[in-house]
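Notes follow once the structure below has been shown.
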Amino acid sequence: MIHLEGVSQYYGRHQVLHDLNLTLGEGEVLGLFGHNGAGKTTTIKLILGLLRPDRGNVLTLGRSPNQVDMRRQIGYLPENVMFYPQLSGLETLRYFARLKQAPLTQVKSLLEQVGLSEAANQKVKTYSKGMRQRLGLAQALLGEPRLLLLDEPTVGLDPIATADLYELVDGLRRQGAGIILCSHVLPGVEPHIDRAAILGHGRLRAEGSLGELRRQAQAPIRLRLSGVKHRDQCLERWKDQIPDMRPVNAHSLEIATDAQHKLELLKVLLTSIQVEDVDIHQPGLEDLYRYFIADDPAQIKETQQ
Amino acid sequence: MSQIWRIAQKEVSDGLRNRWLLAITMTFAILAIGIAWFGSAASGEIGFSNVETTIASLTSLASFLIPLIALLVAYDAIVGEDEGGTLLLLLTYPLSRMHLLIGKFCGHSIILGLAAVAGFGSAALAIVVFAEGVVVSEVLAAFGRFILSSTLLGWSFLALAYLVSALVTEKKRAAGLALSIWFLFVLVFDLALLALLTSTEGGMSPETLPWLLMLNPTDIYRLINLAAMNGFGGVSGALAIGADLPLTHGLWLGLAVWVAAPLLLAHVAFMRRAI
């Protein structure tokens, strides 16, 4: 659905994207992560045809993204979405539905879906940030888009609305829509994305499924054994074979391992040590994000200084 | 085409909502009726005198007012949407920048056109109904010409406002630039022309000088309305040099060019604008 090949982009002399390659397939959710100014929004604008790449090639839905007609199949929620303050939510959505040539019957059900039915006749200038965000989401869903680009969709949403949003994303993915979630807020997003792409200073630092990223990062999996009997003897006995074992509090041990050795290690430990509980802590997206961003030469330079 | 109409519709309903249409129509109506009946109060008479002097006074007032109103209506057409954050969203919808520009321009044009027809038209109607001894066909011809040229004048300053709006990145700068344009065309231009005329002391060819008036849409507008009067009674100042311009339809064409050219430039500027 989306194909970026060797894309470089400049703002004046400043290069904001370096040789970016990125793809998105049908029914796939891609998380696009990065710090402020990493190039996320620029990437989205290239996909939407709002910018023309200075170098490289962008294909959206198999075509050049500056073709106007194609945009009927795209839904976009911009970061900090804004509307006409003097229009009501209903009028706003009706206007955008007409522009997108979407059926006007969809307007009411969308307002209901995002929980704005009661505020539909209020002017948008009275809306809170979260309500504006939900209206933004509703307009992105007009015309049942095949491709959805959501830039910081959870900003301003309460936990329940956030959960609703993710549920919606899951539903659209099942229907075969391709979705890009653009964010720097990471917790909670993991179960809803198929792949993650991490951008740092305009370069793609890493890209792949969470499993792939974990392997790439060789990020340790932490096993925490709690309620260990005779903990100090255990520590003494195993410290040569398992160097990454360390005591945590009075009765717990923490062991760092990797995906390959995880099961084997667990078997050995559980047959020889008496424990009350085992916690397996997989490296999360946030850990991975930190790892790949820390790899960034610019960031390393910063820490050295 | 339908996208252009949808955008235009929104502008017109905005114009109704924020009372612009009503305010402009009322301004035009009060101005025209006031001048028709009280225009000759300075010379000691009250009451309707005749169509010629009414149109002459109305033209000189409207040539100040209409450009100002048009610039005020449209100076933020693009930069306002950009600052408000809606331009980004609109341009991801299935419509081109040209659709958006033309649609908005059509909407604003409809508002100004309606206001001119309703406002000045009501004055014409009042004259036909209440004034004594007027020839209806004369009133209609004079006011028809006046309304049409006023509308075109309004559109040309709308187009200039769009050019400003497409060029700048801040609403305040657009407002400043729009005011400068008004100042230039409505006040400075004629003075500069007069200065040129006196300083060259007839050194300029008398054939080319009148054509300089075509560089200013408000001068074309005044020529259209005053040249139709007998004996050019109301013409004075810089405008007098245009008295022997061998043009009738050419003036209309000139005004139309003053609508099309800035709009075309606005389109070019908008296409180059970074979003």
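Those sequence lines, one after another, are chains A and B.
Note that this note's numbering has the first sequence beginning at 1, numbered continuously upward.
Note that this note's numbering has the second sequence beginning at 1001, numbered continuously upward.
Glycine included, each C-beta is placed from N, C-alpha and C at the ideal position.
Asked, Found
"Three-state secondary structure assigned by DSSP to Lys239/A", "coil"
"Cross-chain neighbours of Ile1275/B in chain A, by beta carbon under 8 Å", "Lys45, Leu50, Leu51"
"Secondary structure of Lys100/A, DSSP reduced to three states", "coil"
"Ser317/A - containing beta strand (DSSP E), residue span", "Outside the modelled stretch of chain A, which goes from 1 to 305, sits residue 317/A, for which no answer is possible."
"Cβ-based contacts, 7 Å cut-off: residues of the region 1062 to 1095 of chain B near chain A", "Gly1084, Gly1085, Thr1086, Leu1088, Leu1089, Leu1091, Thr1092, Tyr1093, Pro1094, Leu1095"
"Paired residues, beta bridge with Glu207/A - DSSP", "Ala197/A"
"Runs of beta strand (DSSP E) lying entirely within the region 238 to 299 of chain A, each at least 3 residues, in chain order", "245 to 247, 253 to 257, 277 to 281"
"Backbone secondary structure at Gly1231/B - three-state DSSP", "Note that Gly1231/B scores 48 on pLDDT, short of 50, meaning its location in the model is unreliable; the coordinates nonetheless yield the value given after this. Correct three-state label for Gly1231/B: helix."
"Simplified DSSP assignment, three categories, for Gln139/A", "helix"
"Proximal residues of chain A, C-beta to C-beta of Leu1019/B below 9 Å", "Checking the displayed sequence, the identity of residue 1019/B turns out to be Arg instead of Leu. Within chain A, no residue comes near Arg1019/B; the closest Cβ sits about 12 Å away, beyond 9 Å."
"Cβ pair count under 8 Å reaching 3, the region 189 to 209 of chain A against the region 250 to 258 of chain A", "no"
"Sequence-distant residues of its chain with Cβ nearer than 6 Å to Ala1008/B (five each side left out)", "Gly1103, Cys1106, Gly1107"
"Spatial neighbours of Val204/A in its chain, beta-carbon cut-off 8 Å, leaving aside the 5 residues before and after", "In the sequence under discussion, the amino acid at residue 204/A is Leu, which differs from the Val named in the question. For Leu204/A, where only same-chain residues beyond five positions count, the Cβ hits under 8 Å are Leu20, Asn21, Leu22, Ala197, Ile198."
"Residue-chain proximity (Val29/A, chain B), Cβ-Cβ < 8 Å", "no"
"Per-residue burial, Gly1015/B [other beta carbons within 10 Å of its own, 16 or more giving buried]", "buried"
"Arg222/A vs Val248/A beta-carbon contact at 8 Å", "no"
"Any C-beta of chain A under 8 Å from that of Gly1231/B", "Interpretation of Gly1231/B is limited by its pLDDT of 48, a score under 50 that renders its predicted location unreliable; no figure is taken from the coordinates."
"Val1079/B - containing alpha helix (DSSP H), residue span", "1079 to 1084"
"Closest Cα partner of Gln1003/B within the set Ile1181/B, Trp1020/B, Leu1091/B, Ala1178/B", "Leu1091/B"
"Nearest residue (CA-CA) to Ala161/A, options Leu142/A, Arg173/A, Leu135/A", "Leu135/A"
"Check whether Gln133/A and Leu157/A have beta carbons under 8 Å apart", "yes"
"Beta-carbon proximity check, Leu50/A vs Ile1224/B, cutoff 8 Å", "no"
"Exposed unless 16 or more other CB atoms sit within 10 angstroms - verdict on Thr105/A", "exposed"
"The region 1063 to 1082 of chain B touching the region 1020 to 1034 of chain B, judged by at least three CB pairs closer than 8 Å", "yes"
"Residue-chain proximity (Val81/A, chain B), Cβ-Cβ < 8 Å", "yes"
"Neighbourhood of Trp238/A by C-beta, 7 Å cutoff - its chain only, sequence neighbours within 5 removed", "Met245"
"Between the CA atoms of Asp194/A and Ser1096/B - distance to the nearest angstrom", "33 Å"
"Asp164/A versus Ser183/A: straight-line alpha-carbon distance, rounded", "17 Å"
"Backbone CA spacing between Ser349/A and Leu1253/B [nearest angstrom]", "For residue 349/A there is no data in the structure shown, the boundaries of chain A being 1 and 305."
"Stretch-stretch touch, CB-based, cutoff 8 Å, three pairs: the region 121 to 132 of chain A with the region 83 to 102 of chain A", "yes"
"Distance, Pro85/A Cα to Lys123/A Cα", "6 Å"
"Gln218/A CB to nearest heavy atom of the ligand GDP below 7 Å", "Only the bare structure without any ligand can be found here, which leaves the ligand GDP out of the picture."
"Beta carbon proximity, Pro243/A to chain B, threshold 8 Å", "no"
"DSSP three-state assignment for Lys301/A, whether helix, strand or coil", "With a pLDDT of only 48 at Lys301/A, under 50, the local geometry of the prediction cannot be trusted, and no value is derived from it."
"Neighbourhood of His3/A by C-beta distance below 6 Å, restricted to the same chain and skipping five residues each side", "Thr23, Leu59"
"Closest Cα partner of Ala1269/B within the set Ala1166/B, Ala1256/B, Ile1127/B, Lys1171/B", "Ala1166/B"
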